[in-house]
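Enquirer: Got a structure for you, written out below as structure tokens; questions coming shortly.
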Amino acid sequence: NSSIVADQIGIHTGDFLLTEAGFGADMGAERFFNIKCRASGIAPDAAVLVATVRGLKAHSGNHKIIAGKPLPEALLLENPDEVHQGGDNLRKQLENMQIHGVSPVVAINVFPGDHDIDIQAIHEIAQEYGARAAITTHFADGGSGAAELAEA
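Its first residue numbered 18, the sequence shown is counted upward by one per residue in the numbering used here.
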């Protein structure tokens, strides 16, 4: 989290303010909403939750991922059912945003080799909660790769 002072300066110097609240809507967002927002009086208009096909498949529990080793081949195969199975973490984070009354946007961070049907599965999870979802390829494509996310 940036400081309250930094956010107050940012709000007055730009058209909008982005602040990173930390990994996960379980701890980072909880501290943001329950401490920072209360202390500052600033309320967010939206929240961005980042999801990847690989991350959701990893959360399915079907793959053994070992740091420093290549990803399991099966994790890279088209499998939307596995994306849905691993989507419980994302679902909980979407619920957490709704508890705080904030409109969530799911940023689908797409990597080369991701399958369209798996990406669609993430859109479906977002739709379950009435959340917007947008594809982002900013790492590969720079600012233009984040245009859809910015519009969401």
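The beta-carbon is built from N, C-alpha and C at its ideal position, and this holds for glycine as well.
Which full runs of the beta strand (DSSP E) of 3+ residues lie inside the stretch 55 to 133, going along the chain?
Expert: 63 to 68 and 120 to 126
Enquirer: Check the C-beta distance from I142 over to H101 and give it rounded, since I have them as a contact under 8 Å.
Expert: 7 Å
Enquirer: What does the alpha-carbon distance come out to for the pair G78 and G103?
Expert: 7 Å
Enquirer: For T153, count neighbouring C-beta atoms within 10 Å of its own C-beta (all shown protein chains included) and say buried if the count is 16 or more, exposed if not.
Expert: The residue is buried, with at least 16 neighbouring Cβ atoms inside 10 Å.
Enquirer: By a C-beta neighbour count over all protein chains shown, 10 Å radius and 16 as the cutoff for buried, is D98 buried or exposed?
Expert: In this structure D98 is exposed. Its beta-carbon is surrounded by fewer than 16 other beta-carbon atoms within 10 angstroms.
Enquirer: Classify A151 as helix, strand or coil using the three-state DSSP reduction.
Expert: Of the three classes helix, strand and coil, the one that applies to A151 here is strand, per DSSP.
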